[in-house]
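In the working numbering, the protein residues as written are 303 to 866. Backbone N, C-alpha and C define an ideal beta-carbon position, used for all residues, glycine too. Quick caveat: nothing in here was measured; it's all calculated off a predicted structure.
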Amino acid sequence: MPRTDRADHRPASWEQRLRAFGYTERRHTSVRDRLVVPFPEPGSGPWRRLGLSPTAAFRLARWSEWGGPLLVALLSGLPRFWRLGSPREVVFDETYYAKDAWSVLRLGYEGTWPDRKIADPQILAHPQVISLSDTGSFVAHPPTGKWVIALGEWMFGLTPFGWRFMTAVLGTLSVLMLCRIGRRLFRSTLLGCLAGALMAVDGLHYVMSRTALLDLVVMFFVLAAFGCLLIDRDHARARLAAALPVPEDGRVRPDGHTGDRAGTGVRPWRIAAGLCLGLAASTKWNGLYFLAFFVVLTLLWDVGARRVAGARRPYRAVLRKDLGRSVLSLVPVAVVTYLVTWTGWFLSDDGYGRHWADGRGGTWSWIPAPLRSLWHYEYGVYQFNVGLHTPHKFESNPWSWLVLGRPVLFHYESPKPGTEGCRTATDCTQTILALGTPLLWWSACCALVYLLYRWALRRDWRSGAVLCAVGAGYLPWFLYQDRTIFSFYAVAFVPYLCLAVTMMLGALLGPPGATGERRTVGAVAAGVLVLLIVWNFIYFFPAYTGQTIPYADWRARMWLDSWI
């Protein structure tokens, strides 16, 4: 016979039967709290133990909601701006983007430069020679990222510091954003700051923050869009919760009519997300994949919200009430944003292919000629990108990215003894290696497995959101395994790897009802892992910054033969 509850002789629920195996029933919460989980009151206990009064402790705890993220961002910014102009060279693909940024700043479009073996030394020379012509040049990426880099060049000139300045700014701001995003996602200031701190000590994010390439710009705008969508999720669910009827007993329950019919009003944060995704796609086209993944993600969030609110047919309700606004708030806004970023090219006469469609007839002649010219230009860019098969020493297959199989060497010099700070009897080494902090990335591999479990078996929406963002930045590259691609493209999903590791560390700390002993053990385990990750970043720091170190010390840091 099935086991029964002794009080009323009813069959015990499966949750009750699992108590013998350590399962703890979820505490019952109101529908409104299920729709929008409230932020916990800031804990003042640690500050009171330091001798502060209850009022001062509470104010300081409240201040930490912003003060903590700002402090983490400040600490992350200091090493990112430290010796930012060093090395005083054109590093890796800066040879394209730094010069294209100067071109869009001066001409509004990408002009033509001499061969980089001529142009780069001229730019670095004293006096500087800028040999830019106004003849339009074919380029492989849209203009937004180059406009971002150009802002630093406008302030500080066409110098290494100038063209790296804005990526350092965006890298620092992205740490601040991730702290706040983590706080909203996990409802914990501590875990939010931990996520930001992990990204602050990731080697790949650090190197990309100090190099004038486009991928960190994509990461920044995508992360901003992700944060906007999280805020939109909370606001939309709050409107549904407010629309639920309150019966006489005061206990709010799911309501089918409200779940099916209630609207969520104007959603400005979703429009802001569309704007950010348009900026990401107009930096590099892989931003389009984030747009597609995030549209699906937000619709599934709406389905979940309406199901909790009591909708009898949540998918139908979303089709009727949310689909149109979701698509209109994201896709058209992103498309318009993308076109606006080409304004400099539209206003020019000499931009590459600018007048291709002028005077041409045909089926599509009703479309304005500038738009058809842009379409033709973009088709050529697409053909170039998918057909790029030129072998490169540091190219890698995406299968190896998460385990750091093949990092990219941005810069390498081998100073002789007695030169450039080399104080040994043998040669020294200066490198800038685009390598993620190994212990962080290898921990992230374990964390992604944990998140898969949480999403598939526990229906944890936070895990699904992080996995969706990782998938949007990672999975599409498997479609182009025969193309020349590099592991530093993975910087676009580094924030979500840090969120995954943070969620795993939060699980190590233990659930809210855990015993003190369990909390202590979990805190020690999590703290040891975090300290090891920080030590790992410090250990590889010379290889990230081009410092002069003995060759033997550099070789000791090459843990895998494939890193050389």
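> What is the residue span of the alpha helix (DSSP H) that cysteine 530 lies within?
Replying inline: Working through the sequence shown from its first residue, we reach residue 530 at position 228. Here the alpha helix (DSSP H) through cysteine 530 covers 517-545.
> For the beta strand (DSSP E) that contains threonine 731, what are its first and last residues?
Replying inline: As a working mapping, residue 731 is identified with position 429 in the sequence shown. Start and end: 730-736.
> Excluding sequence positions up to five away, which residues of its chain have a Cβ less than 6 Å from the Cβ of glycine 370?
Replying inline: Start at 1 with the first residue of the sequence shown, and residue 370 comes out as number 68. Once the five neighbours on either side are set aside, the close Cβ partners of glycine 370 are Thr491 and Cys495.
> Whose C-beta lies closer than 6 Å to the C-beta of proline 852 among residues of the same chain, with five residues either side of it excluded?
Replying inline: Your numbering for residue 852 matches position 550 in the sequence shown. Same-chain partners within the cutoff: Thr726 and Cys730.
> Straight-line CA distance for glutamate 317 to tryptophan 743?
Replying inline: Within the sequence shown, the letter at position 15 stands for residue 317. Within the sequence shown, the letter at position 441 stands for residue 743. Annotation note: pLDDT 45 at glutamate 317 (below 50); position unreliable, coordinate value reported separately. Their backbone Cα atoms lie some 36 Å apart in a straight line.
>> Quick test of your reading: tyrosine 846 and tyrosine 508, contact by CB under 8 Å. State the CB separation rounded to the nearest angstrom.
In response: What you label residue 846 is simply residue 544 of the sequence shown in a count that begins at 1. What you label residue 508 is simply residue 206 of the sequence shown in a count that begins at 1. Right, the Cβ-Cβ distance comes to about 6 Å (below 8 Å), so this counts as a contact.
> Just how far apart, CA to CA, sit phenylalanine 360 and alanine 564?
Replying inline: On the sequence shown, position 58 is the one that residue 360 refers to. On the sequence shown, position 262 is the one that residue 564 refers to. When rounded, the distance between both Cα atoms is 38 Å.
> Going along the chain, which residues of its own chain have a beta-carbon closer than 7 Å to the beta-carbon of tryptophan 779, five neighbours each way excluded?
Replying inline: Counted from its first residue, the sequence shown places residue 779 at position 477. Contacts found: Pro700, Ile787 and Tyr791.
> Roughly how many angstroms separate the alpha carbons of alanine 421 and tyrosine 411, rounded to a whole number?
Replying inline: The sequence position of residue 421 within the sequence shown is 119, counting from 1. The sequence position of residue 411 within the sequence shown is 109, counting from 1. The alpha-carbon atoms of alanine 421 and tyrosine 411 are separated by roughly 18 Å.
>> Just to confirm before moving on: does the CB-CB distance between serine 864 and valine 803 stay below 7 Å?
In response: What you label residue 864 is simply residue 562 of the sequence shown in a count that begins at 1. What you label residue 803 is simply residue 501 of the sequence shown in a count that begins at 1. No. Outside cutoff.
> CA-CA distance, histidine 678 and glycine 655?
Replying inline: Within the sequence shown, residue 678 is the residue found at index 376, counting from 1. Within the sequence shown, residue 655 is the residue found at index 353, counting from 1. Distance between the alpha carbons of histidine 678 and glycine 655 is about 8 Å.
> Using a Cβ-Cβ cut-off of 6 Å (strictly less than) and excluding sequence neighbours within five positions of threonine 437, which residues of its own chain qualify?
Replying inline: The residue you call residue 437 lines up with position 135 of the sequence shown. Correct list, in chain order: Thr414.
> Any idea if glutamate 343 is buried or exposed, counting beta-carbon neighbours within 10 angstroms, 16 or more meaning buried?
Replying inline: In the sequence shown, counting from the first residue as 1, residue 343 sits at position 41. Burial call: exposed.
> Mind checking whether cysteine 770 and phenylalanine 522 have CB atoms under 7 Å apart?
Replying inline: One-based indexing of the sequence shown puts residue 770 at position 468. One-based indexing of the sequence shown puts residue 522 at position 220. No, these two residues do not count as a Cβ contact at 7 Å.
>> Please classify lysine 695 as buried or exposed, where buried requires at least 16 other C-beta atoms within 10 Å of its C-beta.
In response: Here residue 695 refers to the residue found at position 393 of the sequence shown. Classification for lysine 695: exposed.
> Looking at the structure shown, is proline 693 part of a helix, part of a strand, or coil, going by DSSP?
Replying inline: To locate residue 693, count along the sequence shown from 1; it is residue 391. DSSP places proline 693 in coil when its eight states are reduced to three.
> Is DSSP giving tyrosine 875 helix, strand or coil here?
Replying inline: Past the boundaries of the shown model lies residue 875; the chain is included only from 303 to 866, so the question cannot be answered.
>> Looking at the secondary structure, which residues open and close the alpha helix (DSSP H) in which phenylalanine 867 lies?
In response: Because the chain spans 303 through 866 in this model, residue 867 falls outside it and cannot be assessed.
>> Can you look up histidine 428 in the DSSP assignment and give me helix, strand or coil?
In response: Here residue 428 refers to the residue found at position 126 of the sequence shown. Coil at histidine 428, not helix or strand.
> Taking buried to mean at least 16 other C-beta atoms within 10 Å of its own C-beta, is threonine 326 buried or exposed?
Replying inline: Here the question's residue 326 lines up with position 24 in the sequence shown. Per-residue confidence for threonine 326 stands at a pLDDT of 44, beneath the threshold of 50, marking its modelled position as unreliable; the derived number appears in the next sentence. Exposed, by the Cβ-count rule.
> So, tyrosine 398 versus alanine 514, is the Cβ gap smaller than 7 Å?
Replying inline: Walking along the sequence shown from the start, residue 398 turns up at place 96. Walking along the sequence shown from the start, residue 514 turns up at place 212. No, these two residues do not count as a Cβ contact at 7 Å.
>> Could you check whether proline 709 and alanine 736 sit closer than 7 Å to each other, using their CB atoms as the reference points?
In response: One-based indexing of the sequence shown puts residue 736 at position 434. One-based indexing of the sequence shown puts residue 709 at position 407. Yes, the pair counts as a contact, with Cβ atoms nearer than the cut-off.
> Which residues does DSSP pair with histidine 713 in a beta bridge?
Replying inline: Looking up residue 713 in the sequence shown gives position 411. Paired residue(s): Ile734.
> CA-CA distance, valine 605 and threonine 461?
Replying inline: Taking the first residue of the sequence shown as position 1, residue 605 is located at position 303. Taking the first residue of the sequence shown as position 1, residue 461 is located at position 159. Approximately 51 Å between the Cα atoms of the pair.
>> Determine whether the beta carbon atoms of alanine 452 and alanine 403 lie at a separation below 7 Å.
In response: Here residue 452 refers to the residue found at position 150 when the sequence shown is read from its first residue. Here residue 403 refers to the residue found at position 101 when the sequence shown is read from its first residue. Yes, these two residues count as a Cβ contact at 7 Å.
>> When you compare the stretch 427-434 with the stretch 563-581, are there three or more beta-carbon pairs, one atom per stretch, that lie closer than 8 Å?
In response: no
> Do the CB positions of valine 554 and serine 405 come within less than 7 Å of each other?
Replying inline: Within the sequence shown, numbered from 1, the residue matching residue 554 stands at position 252. Within the sequence shown, numbered from 1, the residue matching residue 405 stands at position 103. No. Outside cutoff.
> Is the distance from the Cβ of threonine 474 to the Cβ of serine 378 below 7 Å?
Replying inline: As a working note, residue 474 is residue 172 in the sequence shown. As a working note, residue 378 is residue 76 in the sequence shown. Yes. Within cutoff.
> From leucine 831 to proline 844, what does the alpha carbon distance come to, in whole angstroms?
Replying inline: For the purposes of this step, residue 831 is taken as residue 529 along the sequence shown, with counting starting at 1. For the purposes of this step, residue 844 is taken as residue 542 along the sequence shown, with counting starting at 1. Taking the straight line joining both Cα atoms gives about 22 Å.
> Candidates Phe795, Val610 and Arg662: which alpha carbon is nearest alanine 538's?
Replying inline: Translated into the one-based positions of the sequence shown, residue 538 becomes position 236. Ranking Phe795, Val610 and Arg662 by Cα distance to alanine 538 puts Val610 first.
>> Taking 8 Å as the cut-off, does the stretch 754-767 touch the stretch 664-673 (at least 3 CB pairs, one atom from each stretch)?
In response: no
> Quick one: what's proline 852 bridged to in DSSP?
Replying inline: Position 550 of the sequence shown, counted from the first residue, corresponds to residue 852. Answer is Cys730, bridged to proline 852.
>> Contact defined as beta carbons within less than 8 Å: I believe glycine 848 pairs with histidine 713. What is the distance between those atoms, to the nearest angstrom?
In response: Position 546 of the sequence shown holds residue 848. Position 411 of the sequence shown holds residue 713. Contact flag correct, Cβ pair sits at about 6 Å.
> Is threonine 665 helix, strand or coil when you go by DSSP?
Replying inline: Numbered from 1 along the sequence shown, position 363 holds the residue referred to as residue 665. Reduced to three states, the DSSP call for threonine 665 is coil.
> Which residues in the same chain as leucine 386 place their Cβ atom closer than 8 Å to its Cβ, once the five residues preceding and following it in sequence are excluded?
Replying inline: Counting from one through the sequence shown, the residue named residue 386 turns up at place 84. Taken in chain order, the residues that qualify are Pro462, Phe463, Arg466, Phe467, Ala470 and Arg512.
> Got a sec? Which residues, its chain only, sit under 8 Å from glycine 682 by beta carbon, not counting five neighbours each side?
Replying inline: The residue you call residue 682 lines up with position 380 of the sequence shown. Within the same chain, glycine 682 has close Cβ partners Phe440 and Gly655.
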